[in-house]
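Undergrad: In the numbering used here, the protein residues as written are 216 to 353. Every residue, glycine too, gets a C-beta built ideally from N, C-alpha and C. Small disclaimer: the values here were computed from a predicted structure and weren't measured. Quick one: the structure is below, questions incoming.
See below:
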């Protein structure tokens with residue numbers, strides 16, 4: 216996830232924050248207190264000047280807005296980090312086969328550990344392999 220917002224993302228954040236501010240009836244000071252910033256920072260977000268993703272996200276969170284979800288839904292995720300692409304059916308089948316094999320192998324273990332509550336490490340009597348003691352034989 217990039218640390219900075221693009222111009223388009225910053226404009227969208229400004230509009231969302233402005234709309235949410237109007238709807239909630241909160242003042243800039245109240246939003247700033249909730250987000251943990253100075254009022255000047257909230258003004259910067261409202262004017263679309265804030266490019267720091269973490270800052271914009273905290274201001275959005277103060278207004279019950281999930282910035283990551285909004286950017287993904289608006290298809291404004293950063294083009295510098297496009298989603299991975301699978302080239303061709305052959306590669307897709309290979310990936311699917313590997314995932315199915317992995318899941319089939321670990322499905323039973325997953326069920327035992329997380330659904331039945333079995334311990335991650337079996338008791339010593341249940342462990343396979345040679346049994347030995349660090350105590351000297353008498």
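So the candidates are 244, 236, 226; which of them puts its Cα closest to the Cα of residue 267?
TA: For the residues 244, 236, 226, the minimum Cα distance to residue 267 belongs to 226.
Undergrad: Residue 267 bridges to which residues according to DSSP?
TA: DSSP output for residue 267 lists 219 as bridge partner(s).
Undergrad: Would DSSP call residue 261 helix, strand or coil?
TA: Here residue 261 sits in helix by DSSP.
Undergrad: Does DSSP put residue 312 in a helix, a strand or coil?
TA: Note: residue 312 maps to helix in three-state DSSP.
Undergrad: Cα separation between residue 250 and residue 318?
TA: Each residue's Cα considered, the two are about 41 Å apart.
Undergrad: Pair every Cβ in the region 239 to 255 with every Cβ in the region 282 to 289, then say whether three or more of these pairs are closer than 8 Å.
TA: Too few Cβ pairs lie closer than 8 Å, so no.
Undergrad: Leaving out five residues on either side along the sequence, give the residues of the same chain with a beta carbon under 7 Å from the beta carbon of residue 247.
TA: Taken in chain order, the residues that qualify are 253, 254, 256, 257.
Undergrad: Restricting to Cα atoms, I'd like to know which of 259, 230, 231 is closest to residue 244.
TA: Answer by Cα proximity: 259.
Undergrad: Which residues in the same chain have their Cβ closer than 6 Å to the Cβ of residue 272, if we skip the five residues on either side of it in sequence?
TA: So the list reads 282, once near-sequence residues are dropped.
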